[in-house]
Structure formats: structure tokens, C-alpha cells
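Everything on this sheet refers to the single structure shown next.
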Amino acid sequence: AAGPLVLGIETSCDETGVALVRGRDLLADVTASSMDEHARFGGIVPEVASRAHLEAFVPTLDAALERADVDLSQVDAVAVTAGPGLVGSLTVGVAAAKSLALSIGRPLYGINHVIGHAAVDELVHGAFPERFVSLVVSGGHTSLLLVDDIATSVRQLGQTLDDAAGEAFDKVGRLLGLPYPGGPHVDRLAREGDPDAIRFPRGLTAAKDKHRYAYDFSFSGLKTAVARYVEACAARGQALPAADVAAGFSESVADVLVTKSLNACVAHDCDTLVIGGGFSANSRLRELAAERAAERGITVRIPPIRYCTDNGAMIAALGSAVVRSGAAPSPWDLSTDSGMPL
Ligand code: KG4
Ligand code: ZN
4 AAGPLVLGIE TSCDETGVAL VRGRDLLADV TASSMDEHAR FGGIVPEVAS
54 RAHLEAFVPT LDAALERADV DLSQVDAVAV TAGPGLVGSL TVGVAAAKSL
104 ALSIGRPLYG INHVIGHAAV DELVHGAFPE RFVSLVVSGG HTSLLLVDDI
154 ATSVRQLGQT LDDAAGEAFD KVGRLLGLPY PGGPHVDRLA REGDPDAIRF
204 PRGLTAAKDK HRYAYDFSFS GLKTAVARYV EACAARGQAL PAADVAAGFS
254 ESVADVLVTK SLNACVAHDC DTLVIGGGFS ANSRLRELAA ERAAERGITV
304 RIPPIRYCTD NGAMIAALGS AVVRSGAAPS PWDLSTDSGM PL
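Every number in full-length UniProt numbering is 3 more than the matching position in the sequence shown, counting from 1.
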């Protein structure tokens, strides 16, 4: 295989990821997660995540090098998530990446995590078309991107104004008494319910929002509507139709995500929609995207779920594209940016 050998490092949240990519070929991708340590707190504890990265980093790096059967000295460039994410977690990865790059005398590239979620699909489904739309959805982000070149030209069309889609699912999971993180549980429950039994609001789709917020999202009003419904049931002493609530809620989220993504494809003349981020696992999102995209002749690309959740491969993939584009490396005083814009 040809191309530079890029080491990718991801530590923006609770996953420590290290991967090796040559060109568009993935040689190794190893992930350690501290989610088990956070589950009992019902949310990510930043200090716990930072310490877990510190402990997991060297073993994860060693495992990746071994799996790829390469030596650190063969690495041509080091790519690392510089943001967005938790500042303490990002700092561990950026400090490690600097040390490694300096020790082997190779350039360092600071990478945007959100764009990485889109970039990883190239390792799975091959080179991207000239222009495409990408929906990045997870517990931390919900963004719609217009991509002309994954390395050099990505524009954010819109994003969530409040909760991320996965975050909304986790909150509704809590309302329904499901374990954390609630997303997958709500998804499973929704399969048993009637999506049309309860009609929940579709955020930022009303006529007054259509132009100003065409590609933005809002899930907090929906989450409040679910909370009100649950409270009203309890006040009336009625049993909660939890499966119908889950199904109606899932339908609203998937409907808005798919409608706005496909509208963006049509408006920008794109025949490809790339979906990434941990929320891509959502079954209703997948169904609705496949169904409605087919009607419009749009191809949907979603990488296998292990590449949708946070991992090193996405950072190595984007790092590889950036190196191949000839862009300048990051300065050695590269810092983290927890709110990094595109
Ligand atoms: O990308 P990810 O692993 O972590 C970050 O947020 O960075 O995304 C996980 C998020 C969580 O909020 C989780 O509850 C949600 O995605 N999620 C799901 C499903 N699988 C994961 N939400 C709904 N349906 C699913 N099947
Ligand atoms: Zn992510």
C-alpha cells in the first residue's frame, strides 16, 4: 500500500483511541474506554476520564503498533484530536502526540474531532465524491456539514442549538427509568411501540424557523414534551405507555435529522450523505435515512458502528487526508480547543 503512515490519537471524551492508517488503508485501530467507570455516576466525569487516558495511552499505543506490525520510527506523521471535547481529556492526547512526534522527528497535525467522524468513512467505503453532505450525530454533537474536500474545505451548515441527539436520548432514557447511557435502551424499547400513537414536536421545522434554522436542530423542547407527558400520566394515575413514548420520541428525532440532511443534499446538489458519530447506531435513523434517500436517488454511507463511536481511526483517516493535501503541520505549541469550530 502507498501513502504516508499516519498515527492517529483520539482522547476527546471517554475513549482512548490509537490507530495507524497508510493512505486510505486502516492497519490497526485500538480503543480503550472508561465508560464503565462513568456509568455509576450517570454521566461522564471529566477528571476520571483524563486519568483513564493517562493510564490507557501507552498500552493502547503498544497494541496498535503491534497489530499494524510497525515500529514507531516508521510513522510519517502524528495526528491528534485538538478539539472539540473535554479539555482535560484532550490535553492528555495532545501532550502524548507532541512527545511522540518530537521523539521521532515527524510533524504533528491537530485534528477536528467532528470532521473526523465523517472522514473515517473513507477507510470503509473508499474515496469520497467531489462534494457531499455529512450528518455527525453523537452524545456530544449534532452537526450538518457540507464537504468539498475533507482535508481542506468543510463548511458547517447547521448544528444543534441545545442538546445533541444522543444526549436527548440519554435524558429521555432517564425519564423512562432506563439505565445510563439510555440511547440504545430507548431505541430497543421504541421497536416495541407505535411511532404514531403519540405525536411529539419536531424541533425547528415550523414555518417561522424554516429559513433561519433550515439546517439547525433543537431537541430540548422535544425532551420537555416527553417529560410533560410522563408527568401527566403519573398525575392521572395512568400506567405510562413507555414503548409508545420511546417510539414517538425516536420518530421525531429521526424525522428531523433525515429531513434536514436530505434537504441539504438537494439544496447543495449532492448525491451522497455520509452519517457518522455514535448515534448512527439508532435503528429508526438508519431506516428512515435509507428509505427517504432511496426515493430521491441519494446514496447513504454509514460506516460500521465500531467506526461511528469515538476511535483513533477517524483521526488517523483525517490526518492522512490532511497530510496528503500538503497542508502545513500544526505548530509545536498546538493547544486544545474544547469548543473548536470547523
Ligand atoms: O459517539 P458516541 O459513542 O460518544 C460520544 O457522544 O462522543 O455516542 C454515544 C451516544 C450516547 O448518547 C448514546 O446513548 C447514543 O449515542 N446512542 C444511541 C444508540 N446507540 C448509541 N442513541 C439512540 N439509539 C441508539 N441505538
Ligand atoms: Zn465523537
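Beta carbons are placed, not taken as given, at the ideal position from N, Cα and C, and that holds for glycine.
Note that this is a predicted model, so its numbers are computed, not measured.
Taking 8 angstroms as the CB-CB cut-off, is residue i touching chain D?
i	result
Ala324	The structure shown has no chain D; it contains just one protein chain.
Quick one, are the C-beta atoms of residue i and residue j less than 8 angstroms apart?
i	j	result
Ala267	Ile278	no
Ile118	Leu288	no
Ala82	Val150	no
Val61	Ala316	no
Pro332	Leu111	yes
Asp129	Asn314	Note on residue identity: the sequence assigns Gly, not Asp, to residue 129. No, these two residues do not count as a Cβ contact at 8 angstroms.
Ser323	Gly6	yes
Phe222	Gly196	no
Val261	Arg295	yes
Ala100	Ile12	yes
Leu192	Ala246	yes
residue 356	Ile318	Limits of the chain in this structure are 4 at one end and 345 at the other, which puts residue 356 out of reach.
Leu243	Val233	yes
Buried or exposed, going by whether 16 or more other CB atoms sit within 10 Å of the CB of residue i?
i	result
Phe44	exposed
Ile305	buried
Asp17	buried
Ser328	exposed
Pro334	exposed
Arg109	buried
Pro132	exposed
Ser156	exposed
Gly342	exposed
Arg25	buried
Thr227	exposed
Gly125	Correcting the residue type first, residue 125 is Glu in the shown sequence and not Gly. Buried is the call here.
Asp272	exposed
His116	buried
Gly281	buried
Ala297	exposed
Ala320	buried
Asp72	exposed
Ala167	buried
Ala80	buried
Ser141	buried
residue 3	This structure gives no information on residue 3, because the portion of the chain shown stretches from 4 to 345.
Asp212	exposed
Ser102	exposed
Could you pull out every residue in the same chain whose Cβ sits closer than 6 angstroms to the Cβ of residue i, ignoring the five residues on either side in sequence?
i	result
Ala55	Ser37
Ala257	Arg287, Leu288 and Leu291
Thr163	Thr145 and Phe220
Gly161	Leu147, Tyr218 and Asp219
Ile308	Ala284
His188	Gly176 and Leu181
Thr275	Pro132, Phe135 and Thr302
Ala35	Thr19, Ala59 and Thr63
Val51	Glu40
Leu29	Leu126 and Ala316
Pro184	Asp173
Arg158	Leu149
Lys263	Tyr218
Leaving out five residues on either side along the sequence, give the residues of the same chain with a beta carbon under 7 angstroms from the beta carbon of residue i.
i	result
Ala121	Ser137, Val139, Leu148, Val150, Ile153, Val277 and Gly279
Thr14	His56, Thr84, Ser92, Leu93, Val95 and Gly96
Ala330	Ala154 and Thr155
Only counting the same chain, and skipping five residues up and downstream in sequence, which positions put a Cβ closer than 8 angstroms to that of residue i?
i	result
Thr94	Ser53 and Thr339
Ala230	Leu178
Gln77	Leu8
Leu68	Leu23, Ala31, Asp74 and Leu75
Arg299	Leu265, Cys268 and Val269
Val48	Glu40 and His41
Tyr216	Gly161, Leu164 and Leu207
Leu89	Ser15, Cys16, Ile47, Pro49, Ala52, Ser53 and Ser341
Beta carbon of residue i: closer than 7 angstroms to some heavy atom of the ligand ATP?
i	result
Gly280	Ligands displayed in this structure: the ligand KG4 and the ligand ZN; the ligand ATP is not among them.
### Task
List in chain order: all unbroken alpha helix (DSSP H) runs of 4+ residues lying wholly within the region 224-279.
The region 224-279 contains these whole alpha helix (DSSP H) runs: 245-270.
### Complete beta strand (DSSP E) runs within the region 99-164 (minimum length 3 residues, chain order)
Runs of beta strand (DSSP E) with 3 or more residues, each lying fully within the region 99-164, are found at 111-115, 135-140, 145-152 and 156-162, listed in chain order.
### Message
Would the region 244-251 count as touching the region 200-214 if we require 3 or more Cβ pairs under 8 angstroms?
### Response
As far as the Cβ criterion goes, the region 244-251 touches the region 200-214, which means the pair count is three or higher.
### Task
Check whether the region 142-152 touches the region 166-184, counting contact only when three or more Cβ pairs, one atom from each stretch, lie closer than 8 angstroms.
A contact exists between the region 142-152 and the region 166-184.
### Task
Note down, one range per segment and in chain order, each alpha helix (DSSP H) of at least 4 residues found wholly within the region 299-345.
If only complete runs of 4 or more residues are kept, the region 299-345 shows the alpha helix (DSSP H) at 308-311 and 315-328, in order along the chain.
### Query
In the region 35-99, which residue ranges form an unbroken alpha helix (DSSP H) of at least 4 residues, counting only runs that do not cross its ends?
When DSSP assignments are scanned along the region 35-99, the uninterrupted stretches of alpha helix (DSSP H) that are 4 or more residues long and fall wholly within it turn out to be 38-42 and 49-71.
### Task
Taking only runs that begin and end inside the region 180-216, name each unbroken alpha helix (DSSP H) of 4 or more residues, in chain order.
Runs of the alpha helix (DSSP H) inside the region 180-216: 186-193.
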